[in-house]
Amino acid sequence: MRALCCAICFVFLFFTELKAQNSPDCRTAIPVCADAPILGTTDGGGDIDDFDPEVITESGCLEKGSVSSANLENNSAWYVFRAGTDGQIGFDIEALPIVPGGIVTSEWDFALYGPFDQTSGQNFCGIVGDGTAQPIRCNYEVNDTNFTGIGINPVDGREGAPFVVGSQNTYDEWLDVIAGEIYYLFINNYNTNFDGDPESFILTFTGNSVEEDQDNALDCTLRDEFLGLDIIACEGDPDIVLSALNSPVGPNIANITWELDADDDGTYETVLATGAGQTELTVTSPNSGRYRVTIESTFGNTITDDILITFYGVPELDEVRIIDDLANSDQTDPYNIEIVPLGDGDLEYAINGGEFQDDPVFLDVPPGINTVIINDKNGCGTTEPIEFLVVGYPKFFTPNGDGIHDNWNVLGIETLDNPVVFIFDRFGKLLKQLDDASGWDGTFNGRELPSSDYWFRLDYERDDQGVLVARSVRRHFSLVR
């Protein structure tokens with residue numbers, strides 16, 4: 007649905023070179039291309055805490071900024087690029103003075119995250135922010151040449167190398183890319199000028215891929231998606247600010263129209279704002295939908311872009327569907343369940359403190375009380391452990407007085423209709439009759455019975471479509487001393 011209505015490539019190139027760009031939010035990172043230098047700026051702070059300041063105090067080589075109140079994200083700018091060809095990519099970040107000919111007060115550092123697969127549906131900024139994804143290139147050495155980046159420092163010719171604290175090499179080694187890979191570039195001003203004035207830099211892409219094919223080394227169609235990649239966010243997250251100024255026409259705008267397709271069904275039913283001054287749109291939680299902007303430039307051209315923003319809430323459990331147990335099927339072993347959540351999300355499930363899995367179906371679940379936890383993989387929350395009951399019998403018990411498995415019974419017997427359990431020894435002698443949850447302690451007439459296999463018969467009734475049907479289960483279990 008993203009479209010470039012009119013080809014104005016020459017104008018695009020011109021304004022890419024001159025326009026200062028900034029997005030201090032990873033979610034709205036500015037798509038960039040290798041065809042021209044980019045003038046970037048920061049204005050004193052991050053838009054949101056991409057890095058939780060209470061949890062993430064460093065990422066790769068980066069640390070909190072020089073301001074005591076700053077977190078890892080301090081005077082930041084975010085960019086995203088997509089490799090257009092296989093090969094070698096680098097970049098230069100050049101610090102600029104606040105006024106021409108003045109003193110450079112900024113101290114630029116960077117971290118590069120990736121490669122990411124755009125088709126995976128992952129929340130890239132989420133896994134960057136929680137520390138799951140760590141930088142593949144990172145540098146915060148003192149920039150004595152006013153340059154940092156990947157590749158070769160253009161001032162002193164020093165080649166990039168893996169980051170080592172105290173090396174005073176502000177360049178990291180070249181990046182080998184494969185076409186289609188997505189990378190996020192975080193540029194951070196460790197120092198500030200302490201007066202709140204914006205500080206600027208120039209970002210220029212380098213490397214063999216750029217030298218051989220500047221127009222395609224980075225996929226320039228990504229820049230036409232100037233609103234950025236689709237965003238996955240959590241309910242309650244800070245506002246998301248979309249900017250029309252990141253479009254290829256820059257500030258040369260005659261009119262702007264923002265629209266919303268709330269159901270993402272191809273129908274933009276709501277006009278949210280219109281006018282030349284509507285350069286930004288603020289999207290608040292939990293207003294999911296596809297947002298589209300149409301820009302009429304002063305050159306008479308029209309461009310448009312759209313972005314899907316999806317807010318997910320903390321996961322909730324609808325039900326634990328018992329597929330197989332004594333109460334719900336004729337299956338007596340093993341017992342199987344399915345976790346049914348409420349709503350959507352990129353969810354994973356774990357039972358009884360085990361490993362998470364994407365599949366909501368669990369096989370061979372133990373009888374009795376179990377617990378389930380649902381986790382949103384986008385970082386939108388995790389449920390508390392939720393109990394559920396599987397009606398069935400344990401295969402063994404150990405009546406040794408330690409308080410663990412000291413009694414045997416059909417677990418969940420109290421949920422059955424008119425249940426009766428008869429316990430026999432291997433010769434068919436009746437040892438115990440149970441009709442409640444008290445259980446059997448492994449004795450007969452006050453005498454402890456030996457370790458062996460014992461048999462039981464469970465008689466109960468089950469509601470089959472409104473009709474109580476008599477059921478009988480015959481199995482064996484082990485007494486272990």
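With the first letter of the sequence shown counted as 1, position 93 gets the number 99 in my numbering; the numbers rise by one all the way through.
Glycine included, each C-beta is placed from N, C-alpha and C at the ideal position.
Inter-residue Cα distance where the pair is residue i and residue j
| i | j | result |
| --- | --- | --- |
| residue 135 | residue 78 | 10 angstroms |
| residue 425 | residue 487 | 28 angstroms |
| residue 265 | residue 298 | 5 angstroms |
| residue 7 | residue 228 | Unreliable positioning characterises residue 7 in this predicted model, as indicated by a pLDDT of 40, which lies under 50. The coordinate reading is nonetheless provided below. Going from the Cα of residue 7 to the Cα of residue 228 covers about 13 angstroms. |
| residue 461 | residue 320 | 46 angstroms |
| residue 479 | residue 444 | 19 angstroms |
| residue 225 | residue 394 | 50 angstroms |
| residue 48 | residue 82 | 6 angstroms |
| residue 454 | residue 448 | 6 angstroms |
| residue 253 | residue 28 | 12 angstroms |
| residue 59 | residue 133 | 15 angstroms |
| residue 137 | residue 119 | 11 angstroms |
| residue 186 | residue 334 | 49 angstroms |
| residue 98 | residue 248 | 27 angstroms |
| residue 285 | residue 251 | 6 angstroms |
| residue 219 | residue 354 | 43 angstroms |
| residue 20 | residue 91 | Confidence at residue 20 is low in this model, with a pLDDT of 34, below 50, so its placement is unreliable and the value that follows should be read with caution. Each residue's Cα considered, the two are about 24 angstroms apart. |
| residue 384 | residue 35 | 18 angstroms |
| residue 12 | residue 208 | The predicted model places residue 12 with a pLDDT of 36, which falls under 50 and marks its position as unreliable; any figure quoted below should be read in that light. Cα-Cα distance, rounded: 28 angstroms. |
| residue 398 | residue 127 | 39 angstroms |
| residue 155 | residue 175 | 10 angstroms |
| residue 162 | residue 117 | 22 angstroms |
| residue 366 | residue 283 | 48 angstroms |
| residue 368 | residue 382 | 18 angstroms |
| residue 5 | residue 231 | Nothing in the structure corresponds to residue 5, since the chain is present only between 7 and 487. |
Proximity winner among the options, relative to residue i (alpha-carbon distances)
| i | options | result |
| --- | --- | --- |
| residue 56 | 98, 131, 44 | 131 |
| residue 302 | 119, 256, 343 | 256 |
| residue 181 | 456, 213, 159, 175 | 213 |
| residue 364 | 175, 371, 347, 375 | 347 |
| residue 237 | 129, 366, 139, 64 | 129 |
| residue 211 | 414, 111, 166, 41 | 41 |
| residue 70 | 91, 115, 259 | 115 |
| residue 261 | 162, 305, 216 | 305 |
| residue 386 | 360, 398, 349 | 349 |
| residue 293 | 310, 374, 282, 314 | 314 |
| residue 372 | 384, 388, 340, 362 | 340 |
| residue 489 | 151, 482, 139, 84 | The question about residue 489 has no answer here: the residues shown for the chain are numbered 7 through 487. |
| residue 466 | 270, 442, 235, 325 | 442 |
| residue 84 | 235, 408, 269 | 235 |
| residue 221 | 39, 325, 328, 271 | 39 |
| residue 440 | 329, 420, 452 | 420 |
Contact check, residue i vs residue j, beta carbons under 8 angstroms
| i | j | result |
| --- | --- | --- |
| residue 188 | residue 124 | yes |
| residue 357 | residue 377 | yes |
| residue 263 | residue 280 | yes |
| residue 295 | residue 267 | yes |
| residue 146 | residue 164 | no |
| residue 427 | residue 331 | no |
| residue 30 | residue 86 | no |
| residue 141 | residue 66 | yes |
| residue 406 | residue 446 | no |
| residue 111 | residue 197 | yes |
| residue 44 | residue 203 | no |
| residue 288 | residue 300 | no |
| residue 430 | residue 422 | no |
| residue 323 | residue 389 | yes |
| residue 157 | residue 166 | yes |
| residue 205 | residue 194 | no |
| residue 418 | residue 360 | no |
| residue 401 | residue 484 | yes |
Integer Cβ distance of residue i from residue j, believed to fall under 8 angstroms
| i | j | result |
| --- | --- | --- |
| residue 379 | residue 391 | 6 angstroms |
| residue 239 | residue 317 | 5 angstroms |
| residue 477 | residue 459 | Actually they do not touch by this definition, with Cβ atoms about 23 angstroms apart. |
| residue 464 | residue 416 | 6 angstroms |
| residue 160 | residue 153 | 6 angstroms |
| residue 291 | residue 242 | 6 angstroms |
| residue 33 | residue 343 | Incorrect: roughly 36 angstroms between the Cβ atoms, too far for contact. |
| residue 216 | residue 95 | 7 angstroms |
| residue 144 | residue 68 | 6 angstroms |
| residue 223 | residue 93 | 7 angstroms |
| residue 149 | residue 101 | 6 angstroms |
Residue i beta carbon near the ligand ADP (any heavy atom closer than 7 angstroms)
| i | result |
| --- | --- |
| residue 386 | Looking at this structure, you won't find the ligand ADP or any other ligand, since it has none at all. |
Residue ranges of each beta strand (DSSP E) run of no fewer than 3 residues wholly in the segment 201 to 246, ordered along the chain? Counting whole runs of 3 or more residues, the segment 201 to 246 contains the beta strand (DSSP E) stretches 205 to 212, 237 to 240.
In chain order, what are the residue ranges of uninterrupted beta strand (DSSP E) at least 3 long that sit wholly in the segment 124 to 165? Entirely contained in the segment 124 to 165, the beta strand (DSSP E) runs reaching 3 residues are, in chain order, 143 to 145, 153 to 156.
Sequence ranges, beta strand (DSSP E) only - wholly within the segment 361 to 434, length at least 3: The DSSP assignment places complete beta strand (DSSP E) segments of no fewer than 3 residues inside the segment 361 to 434 at 374 to 382, 392 to 396, 423 to 430, in order along the chain.
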